[in-house]
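Read through the structure below, which is laid out as C-alpha cells, and then see the notes.
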Amino acid sequence: MNTIFDANRVRVDPKTDSLRLSEAQLESNRMAELDSRLSKSSHLDSLTKIERTLAAPLESVRLNGHDLSPREILSVAGGAPFVTIAESPELLRRMNRSHQAMLRDVAKGEPVYGCNTGYGAQADKHVNGGAEEQRLRDARSLSESLVFMDIGVGPVLSTEVVRSAMLIRANMLLKGVSAIRPASVQALVDALNVR
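According to the numbering used here, the sequence shown is numbered sequentially starting from -11.
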C-alpha cells in the first residue's frame, strides 16, 4: 500500500505498510518541543525570580489600611521586619470617627453587633438596660469578657500563619470602618514586633 494521506503530515511507509510522520511534520514536532522546553525554562526562570523576590526579607513594613503585598506578608510571617503604622491624620480621624459613632449608638441603646449584643446565634440578645452610663459599662464588660473565651477548632496554627493573620487583620482595621480604637491596632502591631 503506497497511498499518501497528507504529504505534509502523515504517510504510509511502503516498506512496513504502517503510518509514519512526514519529515516536515517530524521537523515541526521537533521545533514545537524545543519551543515548549524554552518556554518552560523561561517560566521557571520567572518563577525563580519571583520566589527570590518574595523570599528576600524586608527591614520594615508600614501599614496604611490599604496596600499590603505578598512579600510584606511573607516577611512578617517569617519574623523579619519591623512593623509600623503610617503616620496619617486622616487614618486616625477615620478610626476615631468610627469608634465615636459606635459609642454613641451603644449609649443610645441601639444594637451594635458584638458591642452590646451577643455573638453568632446569640446576636439577637441585647445588653441595653439602664441609663446611658450603665449601657456603656455593660458593653465594655461584654467586650472585655472576650479575653476569657477559649474557642478553637482544628489543629494549632503555625507561628507564620498566626503572624500573617495578625498583620492582615491590623491592616484591615486601619481602614477605619470597624469602630476599633487606634491603640488596639497598635497593640497588634506591638505584638508583631516582639522578638
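Backbone N, C-alpha and C define an ideal beta-carbon position, used for all residues, glycine too.
Inset, instruction - Quick one: give me the first and last residue of the alpha helix (DSSP H) that L80 is part of. - result: Along the sequence shown, read from residue 1 onward, the residue named residue 80 stands at position 92. Segment 77 to 96, the alpha helix (DSSP H) holding L80.
Inset, instruction - Quick one: residues in its chain with C-beta nearer than 7 Å to the C-beta of A127, no 5 flanking neighbours on either side, listed in chain order? - result: The residue given as residue 127 occupies position 139 in the sequence shown. Only V94, C103, N104, V115 meet the Cβ criterion.
Inset, instruction - Whole angstroms is fine: what's the gap from T41's alpha carbon to A179's? - result: The residue you call residue 41 lines up with position 53 of the sequence shown. The residue you call residue 179 lines up with position 191 of the sequence shown. Each residue's alpha carbon lies about 26 Å from the other.
Inset, instruction - Compute the distance between the beta-carbons of G164 and M83, then report whether it is under 8 Å. - result: Taking the first residue of the sequence shown as position 1, residue 164 is located at position 176. Taking the first residue of the sequence shown as position 1, residue 83 is located at position 95. Yes, the Cβ-Cβ distance between G164 and M83 is below 8 Å.
Inset, instruction - Using 10 angstroms around the beta-carbon of F(-7), count the other beta-carbons present and answer buried if the total reaches 16, otherwise exposed. - result: The count along the sequence shown starts at 1 and reaches residue -7 at position 5. Low per-residue confidence applies at F(-7): pLDDT is 45, beneath 50, and the placement is therefore not dependable, though the value from the model is reported in the following sentence. Exposed, since its Cβ has fewer than 16 Cβ neighbours within 10 Å.
Legend entry - Distance CB(A109)-CB(Y101) smaller than 8 Å: As a working note, residue 109 is residue 121 in the sequence shown. As a working note, residue 101 is residue 113 in the sequence shown. Taking 8 Å as the Cβ cut-off, A109 and Y101 do not qualify as a contacting pair.
Legend entry - Beta-carbon proximity check, A158 vs V173, cutoff 8 Å: Along the sequence shown, read from residue 1 onward, the residue named residue 158 stands at position 170. Along the sequence shown, read from residue 1 onward, the residue named residue 173 stands at position 185. In this structure, V173 lies closer than 8 Å to A158 by Cβ.
Inset, instruction - Could you tell me which of K37, L79, P77, A74 sits nearest to R59, measuring between CA atoms? - result: In the sequence shown, counting from the first residue as 1, residue 59 sits at position 71. Closest by alpha carbon: K37.
Inset, instruction - Would you mind stating whether A167 and H87 have Cβ atoms separated by less than 8 Å? - result: For this step, residue 167 is matched to residue 179 along the sequence shown. For this step, residue 87 is matched to residue 99 along the sequence shown. Yes. Within cutoff.
Inset, instruction - Could you check the C-alpha separation between E132 and L62 for me, to the nearest Å? - result: By one-based count along the sequence shown, residue 132 stands at place 144. By one-based count along the sequence shown, residue 62 stands at place 74. If I take the Cα positions, the gap works out to 31 Å.
Inset, instruction - Would you mind stating whether G67 and R151 have Cβ atoms separated by less than 8 Å? - result: Position 79 of the sequence shown, counted from the first residue, corresponds to residue 67. Position 163 of the sequence shown, counted from the first residue, corresponds to residue 151. Yes; because the gap between Cβ atoms is below 8 Å, this pair is in contact.
Legend entry - Residues bridged to S129 (per DSSP): As a first step, residue 129 must be located in the sequence shown, where it is residue number 141. Looking at the DSSP assignment, S129 forms no beta bridge with any residue, so it has no partner.
Inset, instruction - Compute the distance between the beta-carbons of L162 and L51, then report whether it is under 8 Å. - result: To locate residue 162, count along the sequence shown from 1; it is residue 174. To locate residue 51, count along the sequence shown from 1; it is residue 63. Yes.
Inset, instruction - Using the Cα positions of G117 and R123, report the straight-line distance between them to the nearest angstrom. - result: Along the sequence shown, read from residue 1 onward, the residue named residue 117 stands at position 129. Along the sequence shown, read from residue 1 onward, the residue named residue 123 stands at position 135. About 6 Å.
Inset, instruction - Go through its chain and collect everything with a Cβ distance to E120's Cβ below 7 Å, but skip five positions before and after it. - result: Within the sequence shown, residue 120 is the residue found at index 132, counting from 1. Excluding positions up to five away in sequence, the list reads A95.
Legend entry - Where I73 falls: helix, strand or coil (DSSP): The residue you call residue 73 lines up with position 85 of the sequence shown. Correct three-state label for I73: strand.
Legend entry - CB contact check: E21 to chain E, cutoff 8 Å: In the structure shown, chain E does not exist; there is a single protein chain.
Inset, instruction - List the residues that DSSP assigns as beta-bridge partners of S48. - result: The count along the sequence shown starts at 1 and reaches residue 48 at position 60. Answer is F70.
Legend entry - V71 versus L134 - alpha carbon distance: Counting from one through the sequence shown, the residue named residue 71 turns up at place 83. Counting from one through the sequence shown, the residue named residue 134 turns up at place 146. Taking the straight line from one Cα to the other gives about 26 Å.
Legend entry - Integer-rounded CB distance, given that V64 should sit under 8 Å from L176: Against the sequence shown, residue 176 aligns to sequence position 188. Against the sequence shown, residue 64 aligns to sequence position 76. Wrong, their Cβ atoms sit about 11 Å apart, outside the cutoff.
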